[in-house]
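Student: Position in the sequence shown counted from 1, then plus 94, gives you the numbering used here.
Using N, Cα and C, we set each Cβ at its ideal position, and we do this for glycine too.
This structure is in structure tokens; I'll ask about it shortly.
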Amino acid sequence: MIEVKLDEGDKNDWALKAFKKKVMKSGILKEMRRRRHYVKPSEARALKAAAAKRRGKPKKTTE
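What follows is the structure in structure tokens.
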């Protein structure tokens with residue numbers, strides 16, 4: 095769990111900014127978006143292959 099501890103006199107704006115930074119760094123939002131919908135294993139392989147093709151490094155699949 096992500097938490098931001100405030101000291102006496104800290105501003106809420108700082109706490110919100112620190113919290114957002116920690117959330118982005120941990121990758122929670124990316125994981126949440128990825129899990130929003132179920133992706134079949136065949137679709138996951140196709141997406142992975144398409145991403146590799148975009149990167150220019152085709153991955154070999156064993157089938």
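My parser needs the alpha helix (DSSP H) runs of 4 or more residues fully inside the segment 101-137; what are they?
Tutor: Listed in chain order, they are 106-120 and 122-128.
Student: Kindly list the residues whose CB is nearer than 6 Å to the CB of A103, restricted to its own chain and excluding five residues on each side of it in sequence; keep chain order.
Tutor: The identity of residue 103 in the sequence shown is Gly, whereas the question assumes Ala. Nothing listed; no residue qualifies.
Student: Cβ atoms of A109 and V117: under 8 Å apart, would you say?
Tutor: No, the pair does not count as a contact, with Cβ atoms beyond the cut-off.
Student: Please classify T99: does DSSP put it in a helix, a strand, or coil?
Tutor: One detail in the question is off: residue 99 reads as Lys in this sequence, not Thr. Correct three-state label for K99: coil.
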